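Reading through the C-alpha cells given below for one structure.
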Amino acid sequence: MASSFSSSMRGGRGRKFKSEINVVPYIDVMLVLLIIFMVMPSANDPSVVDLPSAERSTKPPSDYVQVVIKPNGALSIGVKGKGEEAPETAPNRDALVKKLRAIHNDHPDYPVLIAGDKESKYDDVIQLISEAKKMGINRVGLSTK
C-alpha cells in the first residue's frame, strides 16, 4: 500500500525528462577557440607590410612626356628623349593639363609617363590619367623605379 501511495502522489508518472541544454561542452570549445585566436596574432608581425613592387619594362620608350607629382602637390611636365625639353612646373592641375595638351599637339605619338612619389595622393594620379585619356592619349603609363 505504501508503494501505491507514493506513486499516486507523483501523479502516476515515472521520471520526468529534463528539456535543458547542457552548455558546459560549448563553453569548453569556446575557451579553446579563444586561446587559439589570442595566440595566432602574436605569431604575425603586424608592423611589417609587404607591398608589391613593379618590375621595369623590358624596353622603356625612347621619347615620352613625363609628368611628375610631388607629395606636396607640386607638378611638373617635360619631354624626355630626342626632343628633350626642360621640365616646367605647373601651379595647379589645370595649368598642367593645358601644357600637356600643347605638348600632345606637338608630339601626338609620344606616350605619357606619370611619376608619382609613394607619398603622392592616389587621387591626383588617377585624375591625371583620366585627363590624358580624355585628350585622346592612348598610351598612358606609370613610371617605376
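Heads up: the sequence shown at position 106 corresponds to 90 in my numbering, and the numbers run straight through without jumps.
Ideal Cβ placement from N, Cα and C applies to all residues, glycine included.
A quick note: this is a predicted structure, and the numbers were derived from the prediction, not measured.
Tell me whether residue i sits in a helix, a strand or coil according to DSSP, three-state version.
i: Ile53; result: strand
i: Ile5; result: coil
i: Arg85; result: helix
i: Glu115; result: helix
Using the DSSP secondary-structure output, state which residues sit across from residue i in a beta bridge.
i: Val63; result: Val49
i: Thr73; result: Ser60
i: Val124; result: Val96
Could you compute how far the alpha carbon of residue i sits from the alpha carbon of residue j?
i: Val63; j: Lys43; result: 18 Å
i: Lys54; j: His91; result: 25 Å
i: Val13; j: Val7; result: 10 Å
i: Lys66; j: Arg123; result: 18 Å
i: Ile87; j: Ala70; result: 12 Å
i: Asn76; j: Ile98; result: 16 Å
i: Met119; j: Ile110; result: 14 Å
i: Gly57; j: Glu115; result: 17 Å
i: Thr73; j: Asp101; result: 16 Å
Which residue marks the beginning of the beta strand (DSSP E) containing residue i, and which one marks its end?
i: Ile98; result: Val96 to Gly100
With respect to the alpha helix (DSSP H) encompassing residue i, which residues constitute its N-terminal and C-terminal limits?
i: Ser104; result: Unbroken run through Ser104: none, as it is neither H nor E.
Between residue i and chain B, is there a C-beta pair that is closer than 9 Å?
i: Ala99; result: In the displayed structure, chain B is absent; only one protein chain is listed.
Pick from the options: whose alpha carbon is nearest that of residue i?
i: Ile113; options: Leu18, Val51, Gly57 and Glu103; result: Val51
i: Val49; options: Met24, Ile19 and Leu84; result: Leu84
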